[in-house]
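Novice: According to this note's numbering, the stretch in the sequence shown is residues 401 to 507, in order.
Idealized CB from N, CA, C, for every residue including glycine.
I have a structure I would like to understand better, so I am pasting it below and will then ask my questions one at a time.
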Amino acid sequence: MHPDSVSTTWTLYASFFLSTFIASVQHREIISSSSIVVVVVVFVVAEVVVVLEIVVVVVVVVVVVVVVVKVIEVVVVVVEVEVIIIIIVVVVVVVVVVVVVVVVVVV
């Protein structure tokens, strides 16, 4: 499931429970402690999902950077300096594009 749809789903659940809670208060009905617990749990889970999305983005960026550095180390041993500069420029451009795409997809 796409991270945005997960966040949207939990947001919808939270909105539903919160609106039910507010409607109960407005009608002066007795609110059970279990409904309050459900609202709190839904909000906590929604926040955890958002934090996990951020962690996934950070991990992906770190892995990409580590792989790029290792590739550059191997290439430096084998290839001439001019080619190395071209490869570094290409790799930097690719990393920037990947980071932008990941951020746009997650946010």
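Please report the straight-line C-alpha distance between I436 and V495, rounded to a whole angstrom.
Specialist: Translated into positions along the sequence shown, residue 436 becomes position 36. Translated into positions along the sequence shown, residue 495 becomes position 95. Cα to Cα, the separation comes out at about 45 Å.
Novice: Distance, Cα to Cα, V455 vs V462?
Specialist: Walking along the sequence shown from the start, residue 455 turns up at place 55. Walking along the sequence shown from the start, residue 462 turns up at place 62. Their Cα atoms are separated by approximately 11 Å.
Novice: On the premise that I485 lies in contact with I472, defined as a C-beta separation below 8 Å, what is that separation, rounded to the nearest angstrom?
Specialist: Position 72 of the sequence shown holds residue 472. Position 85 of the sequence shown holds residue 485. In fact, because the Cβ distance is near 11 Å, the residues do not count as touching under 8 Å.
Novice: Please classify V442 as buried or exposed, where buried requires at least 16 other C-beta atoms within 10 Å of its C-beta.
Specialist: Here residue 442 refers to the residue found at position 42 of the sequence shown. A residue is called buried once 16 or more other Cβ atoms fall within 10 Å of its Cβ, and V442 is buried on that count.
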